[in-house]
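What follows is one structure encoded as structure tokens, with my remarks underneath.
2 protein chains.
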Amino acid sequence: MSAYKERSREELLALKSGLEAEYEEAKALGLKLDMSRGKPSAAQLDISMEMMDILNSTSNLKSEEGVDCRNYGILDGIREAKELLGAMIEVPAENIIIYGNSSLNVMYDTVSRSMTHGVMGSTPWCRLDKVKFLCPVPGYDRHFAITEYFGIEMINVPMTPEGPDMDMVEKLVSEDSAVKGIWCVPKYSNPQGITYSDECVRRFARLKPAAKDFRIYWDNAYGVHHLYEDDQDYLIEILAECEKAGNPDMVYKFCSTSKISFPGSGVAAIAASKANLDEIRKQLTIQTIGHDKVNQLRHVRFYKDMDGIVKHMKKHADILRPKFEAVLNTLERELGGLEIGSWIRPKGGYFISFDSMEGCASEIIAKCKEAGVIMTPAGSAYPYHKDPHDSNIRIAPSYPTPEELMQATRIFVLCVKLVSVNKLLENR
Amino acid sequence: MSAYKERSREELLALKSGLEAEYEEAKALGLKLDMSRGKPSAAQLDISMEMMDILNSTSNLKSEEGVDCRNYGILDGIREAKELLGAMIEVPAENIIIYGNSSLNVMYDTVSRSMTHGVMGSTPWCRLDKVKFLCPVPGYDRHFAITEYFGIEMINVPMTPEGPDMDMVEKLVSEDSAVKGIWCVPKYSNPQGITYSDECVRRFARLKPAAKDFRIYWDNAYGVHHLYEDDQDYLIEILAECEKAGNPDMVYKFCSTSKISFPGSGVAAIAASKANLDEIRKQLTIQTIGHDKVNQLRHVRFYKDMDGIVKHMKKHADILRPKFEAVLNTLERELGGLEIGSWIRPKGGYFISFDSMEGCASEIIAKCKEAGVIMTPAGSAYPYHKDPHDSNIRIAPSYPTPEELMQATRIFVLCVKLVSVNKLLENR
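In order, the protein sequences belong to chains A and B. Here the working numbering is used: position 42 in the first sequence is 43, and no number is missing along the way. Here the working numbering is used: position 390 in the second sequence is 391, and no number is missing along the way.
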């Protein structure tokens with residue numbers, strides 16, 4: 002198909018009238034579809050139901066080290082949970098602290114602690130005039146919401162197919178001591194599905210921050226969330242890399258089983274150097290009497306080991322893969338060659354990131370909504386919800402059923418075409 | 002028995018030599034006992050084991066309102082969990098937010114949020130020169146640890162048999178705008194087992210704080226933790242009382258099922274006015290995608306309603322009562338009339354508070370340790386671990402077996418006698 006921009010005004014007008022008719026028909030269907038939520042479908046949750054049988058009233062609820070998991074105690078997680086999550090994110094068990102059900106909460110706590118208590122002896126951030134975080138964009142809205150909530154100034158750093166623009170990261174981190182952190186989703190990034198290249202990770206590890214209390218917030222949310230068994234992205238392990246580079250304390254790594262077992266009832270963890278963990282443990286001693294060890298035990302006895310997790314993730318992939326492919330194939334078939342949008346075909350994660358022509362995203366999302374299809378709000382993947390080009394749209398294929406997804410994607414491409422044609426006609 | 006202080010130097014010396022011989026015999030036993038930990042015993046945990054059967058792989062994990070509890074969503078708790086915990090702490094479900102497994106964590110979060118974001122529009126506490134909390138003493142060490150961690154100045158307020166010294170509370174709260182909070186365990190207080198009188202609670206509700214952002218931190222940890230079915234303390238409900246007094250926003254009430262189901266795997270909650278909860282929800286939106294709803298469901302389906310909780314608590318009482326009575330009867334039998342110590346006979350909660358002669362507590366605890374009996378460290382029930390009279394000792398009878406408890410208590414009274422005799426001899 003020829004690019005829209007190559008077409009004449011008359012051709013575009015004819016196209017527009019056809020698309021408008023199609024759109025009115027679609028609206029008349031009164032659909033109620035949702036491609037906004039990066040959450041697992043009911044079918045995915047069903048594959049973990051046997052976890053509910055793992056513990057019962059006759060179970061021995063003692064950990065391998067003899068801890069009664071029902072009672073108080075063990076602030077930083079039972080040994081076997083550290084080993085399981087350690088294997089999952091490729092760090093030794095001693096570099097792990099197990100938390101409650103939400104890695105987002107761990108990240109929030111980490112920023113909050115830095116605000117009130119600083120980082121390993123630094124001035125508490127709440128006493129500083131200015132604290133800044135670098136935000137690779139497009140990125141994860143909830144990361145940006147945390148830094149916004151704490152009044153931290155966010156600086157956009159463009160993503161490239163290899164990861165964040167490292168020239169810009171190196172410059173900002175080394176020159177500005179107000180820069181205290183950077184949000185990263187290094188594998189199958191939210192929303193683009195990009196995995197940081199080896200070179201990118203190595204440049205991260207070799208950063209020379211102006212601020213001693215600068216930390217990389219490495220949210221490895223999709224570390225084992227592959228779509229294909231035989232075509233997976235590989236990410237270098239950042240903790241080891243930072244240690245090699247003489248920066249052992251520069252990174253906090255976050256993970257959880259939220260999109261492995263049950264999103265609301267999983268187990269989250271932080272991995273970091275001993276010095277960082279020792280500081281975090283000081284806070285934990287004050288903050289809680291310990292997280293839910295019974296749930297830790299439930300996870301360990303269900304998955305057993307890394308092999309168990311890998312097998313489990315294949316079941317997720319079997320459900321997710323056709324959904325991703327359905328959306329991607331529709332985009333390719335309907336929009337390929339039209340030059341009114343671009344996207345990346347991810348090999349894992351939970352999202353497809355679509356970039357419309359400049360200035361069209363809000364309008365496309367509004368049109369979708371009018372036709373009963375909810376997309377993530379425009380600008381969501383940017384700090385302060387401001388997409389400078391108004392072009393990024395996050396597509397979340399996981400939650401709808403395959404039938405809903407097909408319908409929703411058809412409406413989506415229709416809206417992309419219609420809004421793009423209108424945009425092009427503005428200048429003719 | 003006659004009071005030690007009435008006895009002659011010779012009588013005391015004879016007593017001392019007998020006690021020392023007894024103490025050496027006790028030491029030779031090489032005991033390893035612990036009366037320091039306010040945690041349920043294995044027998045108490047066993048009565049909740051059937052909770053592990055409540056959910057299995059064939060269960061419908063939807064809430065009454067149709068929420069799939071396995072997935073993300075529902076920030077502030079499923080409806081039925083709010084109703085159950087609301088019934089438990091006598092507030093409407095709409096005044097409740099359900100959290101994760103630890104009410105201590107909720108309290109920590111509450112202070113931390115006030116530090117970084119203030120309270121309903123007030124200046125964040127981290128920007129103030131001075132923030133103070135009132136601390137009824139003796140009190141709960143972990144409360145004091147939170148305020149100490151955040152650099153909040155703590156002011157001791159003596160406890161009376163009716164609750165904190167309200168003359169002092171009223172004066173400090175109304176005169177000093179740096180006073181932002183007071184820690185309270187209003188029912189079966191930690192460690193004394195005192196329940197605040199009706200008049201005391203009403204005076205709390207009628208406080209006229211100098212600081213708009215003053216809040217009562219009402220930790221109702223032992224609200225249903227009675228020892229006797231027919232002899233229970235009654236506590237006026239503070240939220241309703243504050244509302245009646247025109248101070249609806251002045252209190253945060255905390256509770257959990259930690260000492261009802263499993264200490265590490267329970268459900269915690271905060272209760273407060275709508276205005277307070279609305280502010281907390283703003284934080285929650287940033288902090289987490291929601292707490293563990295499967296565990297909420299597990300609790301609701303196990304206890305069903307308040308009647309279920311009451312029946313369950315009777316089983317706990319049946320295990321705890323003989324332990325409390327064993328300790329109390331030994332104190333009475335061995336120390337009654339000697340005037341070397343005093344204690345209160347609690348009707349619920351987890352502790353017995355013992356007051357030795359002035360200046361003896363540290364030495365008694367050290368002597369106990371030497372004979373293999375671990376007591377809570379001296380000063381623990383006071384801010385900064387400083388007991389101004391060095392007299393308070395917290396006894397936790399719940400965790401040891403009855404046999405261990407009898408042995409430990411015998412060692413304890415022996416140490417009390419020995420240290421007291423030595424103290425009295427200093428001045429003869």
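Beta carbons: idealized from backbone N, C-alpha and C, even for Gly. Quantities reported herein were computed from a predicted structural model and do not represent experimental measurements.
What is the DSSP secondary structure of Glu238 of chain B, reduced to helix, strand or coil? Numbered from 1 along the second sequence, position 237 holds the residue referred to as residue 238 of chain B. Coil at Glu238 of chain B, not helix or strand.
Spatial neighbours of Glu230 of chain B within its chain, please: C-beta separation below 8 angstroms, excluding the five flanking residues on both sides. Locating residue 230 of chain B in the second sequence gives position 229, counting from the first residue. Within the same chain, Glu230 of chain B has close Cβ partners Lys315, Ala318.
Listing by chain order, which chain B residues have their CB less than 9 angstroms from the CB of Met116 of chain A? The residue you call residue 116 of chain A lines up with position 115 of the first sequence. Within 9 angstroms Cβ-Cβ: Ser113, Met116, Thr117, Cys127.
With 16 other CB atoms within 10 Å as the buried threshold, where does Glu359 of chain B fall? Mapped onto the second sequence, residue 359 of chain B falls at position 358. With fewer than 16 Cβ atoms within 10 Å of its Cβ, Glu359 of chain B is classed as exposed.
Would DSSP call Glu154 of chain B helix, strand or coil? Working through the second sequence from its first residue, we reach residue 154 of chain B at position 153. Glu154 of chain B falls in the strand class under three-state DSSP.
What residues in the stretch 122 to 153 of chain B bring their beta carbon closer than 9 angstroms to a beta carbon of chain A? Pro125, Cys127, Arg128, Arg143, Ala146, Ile147, Glu149, Tyr150, Phe151, Gly152
Can you check which of these residues, A:Lys33, A:Lys418, A:Asn330, is closest to Ile341 of chain A by C-alpha distance? Indexing the first sequence from 1 puts residue 341 of chain A at position 340. Looking at the Cα atoms, A:Lys418 is the closest of the given residues.
Kindly indicate the opening and closing residues of the alpha helix (DSSP H) around Phe413 of chain B. As a working mapping, residue 413 of chain B is identified with position 412 in the second sequence. Residues 403 to 427.
Can you give, in chain order, each stretch of the beta strand (DSSP E) that sits fully within the stretch 285 to 373 of chain A and has at least 3 residues? 342 to 344, 353 to 357
Proximity test, Cβ basis, 7 angstroms: Gln288 of chain A and chain B: Numbered from 1 along the first sequence, position 287 holds the residue referred to as residue 288 of chain A. Yes, Gln288 of chain A lies at the interface with chain B (some Cβ there is under 7 angstroms from its Cβ).
At which residues does the alpha helix (DSSP H) containing Pro27 of chain B begin and terminate? Numbered from 1 along the second sequence, position 26 holds the residue referred to as residue 27 of chain B. Checking the sequence shown, residue 27 of chain B turns out to be Ala, not Pro. Its alpha helix (DSSP H) spans residues 10 to 29.
Could you check which residue in A:Met116, A:Gly78, A:Ser392, A:Val295 has the C-alpha nearest to that of Asp1 of chain A? Chain A is shown only over 2 to 429; residue 1 of chain A falls outside these bounds and no answer can be derived.
Does any residue of chain D have a CB that is nearer than 7 angstroms to the CB of Tyr253 of chain B? This model lacks chain D altogether; the protein chains it does include are A and B.
Can you check which of these residues, B:Gly101, B:Ile98, B:Phe151, is closest to Ser115 of chain B by C-alpha distance? The sequence position of residue 115 of chain B within the second sequence is 114, counting from 1. Nearest option by C-alpha distance: B:Phe151.
Output needed in chain order: residues of the stretch 51 to 72 of chain A with a Cβ under 7 angstroms from some Cβ in chain B. Glu51, Met53, Asp54, Leu56, Asn57, Ser58, Ser60, Asp69, Cys70, Arg71, Asn72
Any heavy atom of the ligand FMN inside 6 angstroms of the beta-carbon of Tyr141 of chain A? The model depicted lacks the ligand FMN and carries no ligand whatsoever.
Label Leu339 of chain B either buried or exposed according to how many other C-beta atoms from any shown protein chain fall within 10 Å of its C-beta, with 16 as the threshold for buried. Sequence index remark: in the second sequence, residue 339 of chain B carries index 338 (1-based). By the neighbour-count rule (16 or more Cβ atoms within 10 Å), Leu339 of chain B is buried.
Look at Leu1 of chain B and Leu76 of chain B and say whether their C-beta atoms are less than 7 angstroms apart. Limits of chain B in this structure are 2 at one end and 429 at the other, which puts residue 1 of chain B out of reach.
Please name the residue, chosen from A:Thr289, A:Tyr100, A:Leu173, A:Ile320, that lies closest to Leu105 of chain B on a Cα-to-Cα basis. Locating residue 105 of chain B in the second sequence gives position 104, counting from the first residue. Closest by alpha carbon: A:Thr289.
What's the gap between the Cα of Glu163 of chain A and the Cα of His386 of chain A? Locating residue 163 of chain A in the first sequence gives position 162, where the first residue counts as 1. Locating residue 386 of chain A in the first sequence gives position 385, where the first residue counts as 1. The alpha-carbon atoms of Glu163 of chain A and His386 of chain A are separated by roughly 24 angstroms.
Could you confirm whether any beta carbon from chain B is found closer than 7 angstroms to the beta carbon of Gly337 of chain A? Looking up residue 337 of chain A in the first sequence gives position 336. No - not a single Cβ of chain B is within 7 angstroms of the one on Gly337 of chain A.
Reduced DSSP secondary structure (H/G/I, E/B, other) of Thr117 of chain A: What you label residue 117 of chain A is simply residue 116 of the first sequence in a count that begins at 1. Thr117 of chain A: helix per DSSP, three-state reduction.
Beta carbon of Lys133 of chain A nearer than 7 angstroms to that of Ile156 of chain A: Translated into positions along the first sequence, residue 133 of chain A becomes position 132. Translated into positions along the first sequence, residue 156 of chain A becomes position 155. In contact: Lys133 of chain A and Ile156 of chain A (Cβ atoms closer than 7 angstroms).
Under 7 angstroms, Cβ to Cβ, is there at least one residue of chain B near Leu46 of chain A? Counted from its first residue, the first sequence places residue 46 of chain A at position 45. It does: the Cβ of Leu46 of chain A has a partner Cβ on chain B nearer than 7 angstroms.
If we count Cβ pairs, one from each stretch, closer than 8 angstroms, do we get three or more for the stretch 9 to 28 of chain A versus the stretch 320 to 339 of chain A? no
In terms of residues, what are the limits of the alpha helix (DSSP H) holding Ala82 of chain B? Along the second sequence, read from residue 1 onward, the residue named residue 82 of chain B stands at position 81. Segment 80 to 90, the alpha helix (DSSP H) holding Ala82 of chain B.
If you draw a straight line from the C-alpha of Pro210 of chain A to the C-alpha of Val180 of chain A, how long is it? Within the first sequence, numbered from 1, the residue matching residue 210 of chain A stands at position 209. Within the first sequence, numbered from 1, the residue matching residue 180 of chain A stands at position 179. When rounded, the distance between both Cα atoms is 8 angstroms.
Gly140 of chain B: which of B:Trp219, B:Thr124, B:Gly87, B:Ile90 sits nearest, CA to CA? Counted from its first residue, the second sequence places residue 140 of chain B at position 139. Taking only the C-alpha atoms, the option nearest Gly140 of chain B is B:Trp219.
Taking Ala43 of chain A as the query, report the chain B residues whose CB atoms sit under 9 angstroms from its CB, ordered along the chain. Residue numbering aside, residue 43 of chain A sits at position 42 when the first sequence is read from its first letter. In chain order: Asp69, Arg71, Asn72.
Based on the DSSP output, what are the partners of Val138 of chain B in its beta bridges? The residue given as residue 138 of chain B occupies position 137 in the second sequence. Its beta-bridge partners are B:Pro159.
Just the chain B side, please: which residues come within less than 9 angstroms of Pro264 of chain A by C-beta, in chain order? In the first sequence, counting from the first residue as 1, residue 264 of chain A sits at position 263. Per Cβ cutoff of 9 angstroms: Arg71, Asn72, Tyr73, Gly74, Ile290, Gly291.
Residues of the stretch 295 to 310 of chain B in Cβ contact with chain A at a cutoff of 8 angstroms, in chain order, please. Val295, Asn296
Is the separation between the beta-carbon of Glu91 of chain B and that of Glu65 of chain B shorter than 7 angstroms? Here residue 91 of chain B refers to the residue found at position 90 when the second sequence is read from its first residue. Here residue 65 of chain B refers to the residue found at position 64 when the second sequence is read from its first residue. Against a cut-off of 7 angstroms, the Cβ pair of Glu65 of chain B and Glu91 of chain B comes out as no contact.
Proximal residues to Pro192 of chain B (C-beta, below 6 angstroms), its chain only, five neighbours per side dropped: For the purposes of this step, residue 192 of chain B is identified with residue 191 of the second sequence, where counting begins at 1. For Pro192 of chain B, where only same-chain residues beyond five positions count, the Cβ hits under 6 angstroms are Pro139, Phe352, Ser354, Ala382, Arg395.
7 angstroms is my cut-off, CB to CB: does Asn102 of chain B come that close to chain A? Along the second sequence, read from residue 1 onward, the residue named residue 102 of chain B stands at position 101. Asn102 of chain B counts as touching chain A.
For the stretch 214 to 239 of chain B, list every residue whose C-beta sits within 8 angstroms of some C-beta in chain A, in sequence order. none
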